[in-house]
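Enquirer: Attaching a single structure in structure tokens format; questions to follow.
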Amino acid sequence: MNTITIDTIGQYEGETVTLSGWLVHKRSSGKVRFLVMRDGTGIAQVTLVKSEMDEKHFERYDSLTLESSIMVTGVVKKDDRAPGGYEILASQLNILQIAEEYPIAPKEHGVGFLLDHRHLWLRSSKQHAVLRIRHTVIQAARRFFDDRGFILLDAPIMTPVACEGTTTLFKTDYFEEQTAYLSQSGQLYMEAGAMAFRKVYCCGPTFRAEKSKTRRHLTEFWMIEPEVAFADLPDIMELTESLIVTIVKEVLSSNREELRTLGRDVSKLEVIESPFESLSYDRAVRVLRNEGVPFEWGKDFGGSDETLISGRFEKPVFIHRYPASSKPFYMKNDPEKSGVVLCMDLLAPEGYGEIVGGSAREEDPEILCQKLNDAGLSPETFSWYLDLRKYGSVPHAGFGMGIERTVAWICGIPHVRETIPFPRLLQRLYP
RNA sequence: UCCCCAGUAGCUCAGUUGGCAGAGCAGAUGGCUGUUAACCAUCGGGUCCGCGGUUCGAGUCCGUGCUGGGGAGCCA
Numbered sequence: 006m007n008t009i010t011i012d013t014i015g016q017y018e019g020e021t022v023t024l025s026g027w028l029v030h031k032r033s034s035g036k037v038r039f040l041v042m043r044d045g046t047g048i049a050q051v052t053l054v055k056s057e058m059d060e061k062h063f064e065r066y067d068s069l070t071l072e073s074s075i076m077v078t079g080v081v082k083k084d085d086r087a088p089g090g091y092e093i094l095a096s097q098l099n100i101l102q103i104a105e106e107y108p109i110a111p112k113e114h115g116v117g118f119l120l121d122h123r124h125l126w127l128r129s130s131k132q133h134a135v136l137r138i139r140h141t142v143i144q145a146a147r148r149f150f151d152d153r154g155f156i157l158l159d160a161p162i163m164t165p166v167a168c169e170g171t172t173t174l175f176k177t178d179y180f181e182e183q184t185a186y187l188s189q190s191g192q193l194y195m196e197a198g199a200m201a202f203r204k205v206y207c208c209g210p211t212f213r214a215e216k217s218k219t220r221r222h223l224t225e226f227w228m229i230e231p232e233v234a235f236a237d238l239p240d241i242m243e244l245t246e247s248l249i250v251t252i253v254k255e256v257l258s259s260n261r262e263e264l265r266t267l268g269r270d271v272s273k274l275e276v277i278e279s280p281f282e283s284l285s286y287d288r289a290v291r292v293l294r295n296e297g298v299p300f301e302w303g304k305d306f307g308g309s310d311e312t313l314i315s316g317r318f319e320k321p322v323f324i325h326r327y328p329a330s331s332k333p334f335y336m337k338n339d340p341e342k343s344g345v346v347l348c349m350d351l352l353a354p355e356g357y358g359e360i361v362g363g364s365a366r367e368e369d370p371e372i373l374c375q376k377l378n379d380a381g382l383s384p385e386t387f388s389w390y391l392d393l394r395k396y397g398s399v400p401h402a403g404f405g406m407g408i409e410r411t412v413a414w415i416c417g418i419p420h421v422r423e424t425i426p427f428p429r430l431l432q433r434l435y436p
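In the numbering used here, the protein residues as written are 6 to 436.
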């Protein structure tokens, strides 16, 4: 007798095995009964035939409720009628626990109800598929940087000041008389890391206390943020492009089954190849105006603007060189055009919008000081950051990729709240 | 912060002109030797979001508060 998991069941045809898991569904036709179980690796159907097993075990079926934990022993049989192609003809059914009445039915539920039961919702097949793809995305991204000689350098989550200075921060007490802020980006620390290790990245949660209520926002979300010394804007655009292509290819090869569960149109992902199109902000503004949008130069693009621009391409598209007024203080001025900074955003297709934002960083201490002042931030609180420009300042650049938005796009699901195990939203801190 | 929508059984929802509170699913009980969200029969299940008002009478109309959802702004 082998204790196995469902993902490997095909290797055991004709053998007696034991599965452990949870009851997903049961159907009875009298003396032939079916139960569908999941074990975390897959789903399998178990058949109980009264005449072919111990009656005591057969009758245990009656007391089973949804999500009861069970162990089943039986022979693996190939059967096209079973979901997955294999089923277990049971000889034993052992119960670990009879579950209380399970709140999530295989029928429809409202979003609020499901989010209240997120700790249980994770068990359903669609959520399983999304979170497995999230795993692949993070693994592929980290492997991408590891393979290129980047050092993983974890950024702090509690910080003394704003990193970007503009967005709202979560505040918390830090012992007596001090305040800590939850990090909204690891970038400034990655810049310090790049001066020490040349190529670094971090991957972790970031926090923004913005009262945003859209399908693209969470108050706690994950970013992967590389930073590279002696790099300029084209360098990190190239890096971004290979990263995205690598991630999509990895999901296509590792998660076919999950993409099928989600009903994702895979052809939309199969076209994601180098090179990506690239538009300057100026050109993007002209595109919008040609479409009849009365867009004012100097403003940032709204959601509908991004959708309109990215809708013209079937691959992700870069928009670069935005007006300095709409961007944070650390971005480097474009030497060829005043009022513009050397930055880029990557917009995902199908209306998903911005998934990456990055820039060359200002390396001149005096200009950086001026930019801090212009942003209404005091250079004193950023003195450690200004040190990086005093002791061997070099050109450097980096970007941040939003994990949840990337996963939402790859999965083709409308809202980022399903792409993280326990979403934190404007009105939701539970469970 | 602003705009729009919703709140009725455990869940998803219907409820007509203001006139006895409803369905499907889930649950319980029984039946069925190949079910796929099985099927058939029977049964139990309600603070109609809270408060105030109009009315002979309010789930329904009015006011107000709360909660949730969608969108805008801002952002990844």
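Where is the CB? At the ideal position from N, CA and C, for every residue including glycine.
With three or more beta-carbon pairs closer than 8 Å as the criterion, would you say the stretch 204-224 touches the stretch 418-430?
Expert: Yes, the stretch 204-224 touches the stretch 418-430.
Enquirer: Using the rule of at least 16 other Cβ atoms within 10 Å of the residue's Cβ for burial, across every protein chain shown, is residue 379 buried or exposed?
Expert: Looking at its Cβ environment, which holds fewer than 16 other Cβ atoms inside 10 Å, residue 379 is exposed.
Enquirer: Go through its chain and collect everything with a Cβ distance to residue 399's Cβ below 8 Å, but skip five positions before and after it.
Expert: Closer than 8 Å at the Cβ level, and outside the excluded window around residue 399, lie 200, 234, 235 and 368.
Enquirer: Decide yes or no for the touch test of the stretch 237-254 against the stretch 332-351: beta carbon pairs closer than 8 Å, at least 3 of them.
Expert: With the cut-off at 8 Å, the stretch 237-254 and the stretch 332-351 touch.
Enquirer: Express the C-alpha separation of residue 362 and residue 329 in angstroms, rounding to a whole number.
Expert: Whole-angstrom Cα-Cα distance: 14 Å.
Enquirer: Looking only at its chain, what residues have a beta carbon closer than 6 Å to the beta carbon of residue 357, apart from the 5 residues adjacent to it on each side?
Expert: Closer than 6 Å at Cβ, skipping near neighbours: 414.
Enquirer: Please report the residue range of the beta strand (DSSP E) in which residue 122 lies.
Expert: Unbroken run through residue 122: none, as it is neither H nor E.
Enquirer: So who's on the other strand from residue 74, going by DSSP bridges?
Expert: Paired residues: 27 and 102.
Enquirer: Going by CA-CA distance only, name the one from 144, 212, 38 and 75 that's closest to residue 177.
Expert: The shortest C-alpha separation from residue 177 is found at 212.
Enquirer: On the premise that residue 52 lies in contact with residue 39, defined as a C-beta separation below 8 Å, what is that separation, rounded to the nearest angstrom?
Expert: Right, the Cβ-Cβ distance comes to about 6 Å (below 8 Å), so this counts as a contact.
Enquirer: Can you give me the Cβ contacts of residue 374 inside the same chain, cut-off strictly under 6 Å, excluding the 5 residues immediately before and after it?
Expert: The residues are 384.
Enquirer: With the cut-off set at 8 Å, would you say residue 163 and residue 179 are in Cβ contact?
Expert: Contact: yes.
Enquirer: Quick check on residue 351: does DSSP put it in helix, strand or coil?
Expert: If DSSP states are grouped into helix, strand and coil, residue 351 belongs with the strands.
Enquirer: Looking at residue 50: is its Cβ nearer than 8 Å to the Cβ of residue 73?
Expert: No, these two residues do not count as a Cβ contact at 8 Å.
Enquirer: Check for me: the alpha helix (DSSP H) holding residue 140 runs from which residue to which?
Expert: Here the alpha helix (DSSP H) through residue 140 covers 130-152.
Enquirer: Between residue 56 and residue 141, which are expected to be in contact by the criterion C-beta below 8 Å, what is the C-beta distance as a whole number of angstroms?
Expert: With 8 Å as the limit, residue 56 and residue 141 do not qualify as a contact, their Cβ atoms being about 45 Å apart.
Enquirer: Please classify residue 161: is it buried, with 16 or more other beta-carbons within 10 angstroms of its beta-carbon, or exposed?
Expert: Exposed is the call here.
Enquirer: Report the rounded CA-to-CA distance for residue 250 versus residue 425, giving the unit in angstroms.
Expert: If you take the alpha carbons of residue 250 and residue 425, they lie about 22 Å apart.
Enquirer: Over the uninterrupted beta strand (DSSP E) stretch that includes residue 231, give me the two end residues.
Expert: Start and end: 225-234.
Enquirer: By how many angstroms is the C-alpha of residue 332 removed from the C-alpha of residue 287?
Expert: Approximately 15 Å between the Cα atoms of the pair.
Enquirer: Which stretch, first to last residue, makes up the alpha helix (DSSP H) that contains residue 436?
Expert: No alpha helix (DSSP H) holds residue 436; DSSP gives it neither H nor E.
Enquirer: For residue 260, which three-state DSSP category applies?
Expert: In this structure, residue 260 counts as coil in the three-state DSSP scheme.
Enquirer: Give me, in chain order, the residues of the same chain whose beta-carbon lies closer than 6 Å to that of residue 62; leave out the 5 immediate sequence neighbours on both sides.
Expert: Excluding sequence neighbours, residue 62 sits near 97 and 98.
Enquirer: Go through its chain and collect everything with a Cβ distance to residue 264's Cβ below 7 Å, but skip five positions before and after it.
Expert: Correct list, in chain order: 271.
Enquirer: According to the Cβ coordinates, are residue 145 and residue 255 closer than 8 Å?
Expert: The answer is yes: Cβ separation under 8 Å.
Enquirer: Can you name, in chain order, every residue of its own chain whose Cβ lies under 7 Å from the Cβ of residue 119, other than the five neighbours on each side?
Expert: Same-chain partners within the cutoff: 126.
Enquirer: So, helix, strand or coil for residue 344, using DSSP?
Expert: Residue state, collapsed to three classes: coil.
Enquirer: So the candidates are 152, 112 and 314; which of them puts its Cα closest to the Cα of residue 297?
Expert: Per the Cα distances, 314.
Enquirer: With the cut-off set at 8 Å, would you say residue 205 and residue 158 are in Cβ contact?
Expert: Taking 8 Å as the Cβ cut-off, residue 205 and residue 158 qualify as a contacting pair.
Enquirer: Which of the three DSSP states, helix, strand or coil, is assigned to residue 155?
Expert: Three-state DSSP puts residue 155 in coil, outside helix and strand.
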